[in-house]
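Trainee: Below: one structure in structure tokens.
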Amino acid sequence: MLVNAKDMLIKAAAEGYAVGQFNINNLEWTKAVLTTAQELDAPVILGVSEGAGKYMCGYKTVAAMSKAMADSLGIAVPVALHLDHGSYDACLKCVEAGFTSIMFDGSHLPLDENIEKTAALVKLCAERGLSLEAEVGSIGGEEDGVVGMGEVADPDECRRIAELGVTMLAAGIGNIHGKYPANWKGLDFGALDNIHKATGSVPLVLHGGTGIPQDMIRKAISLGVAKINVNTECQLSFQAATRAYIEAGKDLQGKGFDPRKLLAPGTEAIKATVREKIGLFGSAGKA
Ligand code: 13P
């Protein structure tokens with residue numbers, strides 16, 4: 215059964231660890247995340263971007279696949295199915311499709327519009343029993359080969375969004391999606407501290423969990439971060455393992471193309487990444 219992310223995040227914030235959100239792209243990805251969370255007895259969040267949702271034939275397909283898979287694999291740890299960086303329309307679609315959690319990313323909108331749309335979704339999620347993540351201050355990343363530095367969110371804006379009753383809040387603190395550039399200044403812990411103080415007990419979300427070193431992860435958790443998102447690192451490990459398999463000519467040894475064999479090394483590599491991150495975030499044994 216899939217659950218919303220509220221209870222797992224409240225427990226994480228109270229006990230000083232973070233729940234991992236791992237983005238999924240297909241059946242193998244989903245299976246790798248679910249089985250590893252079960253193996254480590256860790257709560258987990260399946261993240262679905264709008265693009266991945268389209269690729270997997272729409273949110274209804276993703277919801278049906280995730281629910282059926284968790285059931286047939288006998289997954290007993292809490293699992294939330296969460297829309298990652300959704301537009302307002304995508305949020306509505308995921309609510310209807312049976313997601314248990316959504317992220318409305320209104321960070322690029324004027325603050326009043328972000329507040330208005332987030333407030334409407336707070337109401338809808340409360341009625342339907344979903345958890346809701348909001349965002350203030352954009353998270354940097356690569357676009358057209360240029361790596362933008364993460365914007366630092368304003369604590370007062372964070373307070374205004376938190377007070378709407380969101381389950382969790384993603385606040386930019388210099389974090390970036392994807393690989394961090396060599397001249398990255400690191401997370402802005404002064405800003406995180408101010409945001410944590412301004413938002414009270416609302417669990418904070420750290421995006422861009424791929425390249426953040428262990429000491430920064432631990433410090434962020436001590437300052438209110440209870441959910442950390444990982445995407446790129448799973449993609450990179452999948453890519454490296456698949457490439458090694460093909461370059462060794464192992465894909466040519468069977469009768470023909472067999473996805474069960476070709477995708478197996480990459481799937482194992484995703485599992486290893488998820489295992490490492492769950493260890494780093496401290497959520498093993500916390501289900
Ligand atoms: P990375 O791709 O840097 O791991 O970030 C993932 C993320 O924050 C998804 O929202």
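Numbering (our numbering), first residue to last: 215 to 501. C-beta: ideal position from N, C-alpha, C; glycine also.
Look up leucine 420 in the DSSP assignment and say whether it is helix, strand or coil.
Mentor: If DSSP states are grouped into helix, strand and coil, leucine 420 belongs with the strands.
Trainee: Rounded to the nearest angstrom, how far is the Cβ of tryptophan 243 from that of isoleucine 484, given a contact under 8 Å?
Mentor: About 6 Å separates the beta carbons of tryptophan 243 and isoleucine 484, which is inside the 8 Å limit, making them a contact pair.
Trainee: Among Asp407, Thr481, Leu254, Gly414, which has the Cα closest to the Cα of alanine 454?
Mentor: Thr481
Trainee: Going by beta carbon distance, what residues of the same chain come within less than 6 Å of leucine 477, once the five residues before and after it are set aside?
Mentor: The residues are Glu242.
Trainee: Report the CB separation of alanine 277 from leucine 306 in whole angstroms; it is logged as a contact under 8 Å.
Mentor: Not a contact, Cβ separation roughly 14 Å.
Trainee: I need the DSSP call for glutamate 447, collapsed to helix, strand or coil.
Mentor: helix
Trainee: Could you tell me how far apart the beta carbons of isoleucine 390 and glycine 422 are, in whole angstroms, since I believe they sit closer than 8 Å?
Mentor: 5 Å
Trainee: Across the region 397-413 and the region 367-384, are there enough close Cβ pairs to call them in contact, namely three or more that are closer than 8 Å?
Mentor: yes
Trainee: Roughly how many whole angstroms lie between the Cα atoms of asparagine 445 and proline 417?
Mentor: 20 Å
Trainee: From the DSSP output, in three-state form, read off threonine 296 for me.
Mentor: Residue 296 is actually histidine in this sequence, not threonine. When DSSP states are grouped into helix, strand and coil, histidine 296 belongs to the strand group.
Trainee: Just tell me which of Gln428, Lys281, Gly355 has its CA closest to the CA of tyrosine 231.
Mentor: Gln428
Trainee: Touch check for the region 337-345 and the region 306-317: three-plus C-beta pairs under 8 Å?
Mentor: In this structure the region 337-345 touches the region 306-317; the number of beta carbon pairs closer than 8 Å is three or more.
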